[in-house]
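*Asks:* In UniProt numbering, the protein residues as written are 1 to 499. The beta-carbon is built from N, C-alpha and C at its ideal position, and this holds for glycine as well. Just so it is clear, the structure is predicted and the values come from calculations on it, not from any experiment. Dropping the structure in here first, questions after.
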């Protein structure tokens with residue numbers, strides 16, 4: 001039998017004054033749990049809470065011995081509540097290793113959560129459970145702290161019918177969170193870790209700074225590469241301009257050759273006409289001498305005079321139209337032109353070498369930028385400035401060669417127009433040297449061969465050919481000292497116009 005101990009009249013009496021009263025059977029206690037607990041149930045809400053706690057106690061008491069051991073609490077926390085904080089059982093047991101339903105009820109009645117108001121429950125629902133969509137339902141049912149055991153016991157009719165929670169995931173979440181506060185007390189927020197905040201702020205600042213630095217380096221690299229590409233395009237345009245000018249020069253030389261051929265044909269035709277006129281005059285002269293009649297002889301003489309005058313006038317007109325300087329001046333000018341052409345080819349070859357080197361460096365920079373860290377590597381290295389410097393040097397060299405070609409072409413065309421004989425089209429440097437220095441064999445100098453080199457040969461071989469071709473010429477020219485000075489200037493000073 002179960003017994004309950006009471007005080008009589010509230011007076012201080014000894015143990016003998018205790019009264020033993022027989023209580024109902026256990027089956028009756030199950031139907032009326034409020035009869036065996038202290039503090040007693042006062043309201044219907046207390047009865048519902050006690051029934052919910054009784055259900056929770058039965059879920060935790062696996063061996064059904066009427067008490068919850070520490071092992072059963074740990075198993076319930078880890079398996080049913082899906083939590084790894086095993087130290088929570090210490091809040092429930094404290095020093096009691098065997099928790100009965102009455103002790104669980106007494107702990108609940110003295111809990112802070114039991115005294116929660118409706119606002120406290122709504123705050124818990126919003127901040128800790130994170131289900132603010134059910135605030136309206138909790139307000140309608142006026143859920144307070146004493147109602148939470150019913151949620152913790154996972155009563156289907158209460159959650160679905162009264163609180164209108166239909167989602168199974170929300171039901172499970174509400175059940176676990178309610179069990180947590182009913183068994184272990186109000187939830188506590190972890191202490192604020194200012195070190196984490198500091199590390200987070202430092203990380204954010206470093207990340208933003210790194211992004212800004214990477215963006216700045218990327219912009220600088222793009223700017224340098226764009227400037228390099230622009231310079232390279234300008235260099236390519238200058239190269240194309242030089243090629244076009246060389247084509248125009250070739251066309252002009254071809255036109256000069258055609259004009260010279262037409263002039264030669266015209267001269268031959270004029271010589272034929274003069275010869276015909278002379279033959280006609282000679283025929284008339286023979287007729288005049290053989291004529292018997294003086295009148296016919298006079299007529300023949302007049303005709304002969306008219307023919308001779310016409311031939312003389314035509315010859316005088318041709319001589320005036322084709323009046324030229326001496327043949328020696330023509331040869332010297334042609335030789336000067338050929339020497340200047342060789343100097344120009346040396347300068348053009350140097351410019352083409354600089355252009356090829358600049359293109360190769362630019363292609364290398366483009367290949368580096370296509371790699372993963374190529375942009376940052378190119379931005380931090382000095383290769384961009386070096387490539388820009390090489391491109392500018394090549395562009396300036398091409399501009400100088402183009403200007404030199406235009407000036408030389410215009411100057412020699414004007415000289416040809418004033419002199420009236422061809423200079424650009426000639427027999428070549430070796431033949432001119434042989435004609436102007438015909439006594440070279442007598443003086444012991446060998447004849448100069450025609451240099452066979454291309455504008456795309458190496459820089460060293462070009463200068464050697466020029467030195468080899470110019471040395472026998474200079475050695476025979478008057479004023480050998482000044483000529484030697486000119487030869488030294490080929491290697492040490494930039495080319496200057498010989499005229």
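Assign residue 243 to one of three DSSP states: helix, strand, or coil.
*Replies:* Of the three classes helix, strand and coil, the one that applies to residue 243 here is helix, per DSSP.
*Asks:* Measure the CB-CB distance between residue 134 and residue 163 and report whether it falls below 8 angstroms.
*Replies:* Contact: yes.
*Asks:* So, are the CB atoms of residue 53 and residue 149 less than 8 angstroms apart?
*Replies:* In contact: residue 53 and residue 149 (Cβ atoms closer than 8 angstroms).
*Asks:* Is any beta-carbon of chain B found at less than 8 angstroms from that of residue 175?
*Replies:* In summary, chain B is missing from the structure at hand, where a single protein chain is found.
*Asks:* According to DSSP, simplified to helix, strand and coil, what is residue 42?
*Replies:* Residue state, collapsed to three classes: coil.
*Asks:* Tell me whether residue 99 sits in a helix, a strand or coil according to DSSP, three-state version.
*Replies:* Here residue 99 sits in strand by DSSP.
*Asks:* Mind checking which residues open and close the alpha helix (DSSP H) that includes residue 176?
*Replies:* Residue 176 -> alpha helix (DSSP H) spans 168-184.
*Asks:* How is the alpha helix (DSSP H) around residue 422 delimited, first residue to last?
*Replies:* That residue, residue 422, is in no alpha helix (DSSP H); it is neither H nor E in DSSP.
*Asks:* Within its chain, find whatever has a CB closer than 6 angstroms to the CB of residue 180; leave out the 5 residues flanking it on each side and keep chain order.
*Replies:* Taken in chain order, the list of residues that qualify is empty.
*Asks:* Which value, in whole angstroms, describes the spacing of the CA atoms of residue 387 and residue 199?
*Replies:* Distance between the alpha carbons of residue 387 and residue 199 is about 43 angstroms.
*Asks:* Which same chain residues, not among the five before or five after residue 111, have their C-beta less than 7 angstroms away from its C-beta?
*Replies:* If we look at residue 111 and ignore the five residues flanking it on each side, its Cβ neighbours are 185.
*Asks:* Run through DSSP, which three-state label would residue 125 get?
*Replies:* Reduced to three states, the DSSP call for residue 125 is helix.
*Asks:* Can you tell me the Cβ-Cβ gap for residue 394 and residue 235, rounded? I've got them flagged as a contact below 8 angstroms.
*Replies:* The pair is a contact, with the Cβ atoms about 6 angstroms apart (cut-off 8 angstroms).
*Asks:* Flag this pair as touching only if the segment 324-344 and the segment 420-436 have three or more C-beta atom pairs under 8 angstroms; answer yes or no.
*Replies:* Verdict: yes, contact present.
*Asks:* Thinking C-alpha only, which one of 256, 299, 264, 303 is nearest residue 279?
*Replies:* Residue 303 is the option with its Cα nearest to residue 279.
*Asks:* Would you kindly report the start and end of the unbroken alpha helix (DSSP H) that includes residue 136?
*Replies:* Start and end: 135-141.
*Asks:* One question on the structure: do residue 232 and residue 362 come within less than 8 angstroms of each other, judged by their Cβ atoms?
*Replies:* Against a cut-off of 8 angstroms, the Cβ pair of residue 362 and residue 232 comes out as a contact.
*Asks:* Verify whether the separation of the beta carbon atoms of residue 152 and residue 182 is less than 8 angstroms.
*Replies:* For residue 152 and residue 182, yes; Cβs fall inside 8 angstroms.
*Asks:* Provide the residue(s) that pair with residue 151 in DSSP beta bridges, ordered along the chain.
*Replies:* According to DSSP, residue 151 bridges with nothing at all.
*Asks:* Between which two residues does the alpha helix (DSSP H) holding residue 111 run?
*Replies:* Per DSSP, residue 111 belongs to no alpha helix (DSSP H) and is neither H nor E.
*Asks:* Measure how close the beta-carbons of residue 73 and residue 60 come, nearest whole angstrom, since I'm counting them as under 8 angstroms.
*Replies:* Contact flag correct, Cβ pair sits at about 7 angstroms.
*Asks:* Measuring alpha carbon to alpha carbon, tell me which residue in 71, 100, 116 is nearest residue 55.
*Replies:* Comparing Cα positions, the closest option is 100.
*Asks:* Along the chain, where does the alpha helix (DSSP H) containing residue 144 start, and where does it finish?
*Replies:* That residue, residue 144, is in no alpha helix (DSSP H); it is neither H nor E in DSSP.
*Asks:* Report all residues from its chain with a CB closer than 6 angstroms to the CB of residue 171; omit the five preceding and five following residues, and keep chain order.
*Replies:* Hits under 6 angstroms: 159, 165.
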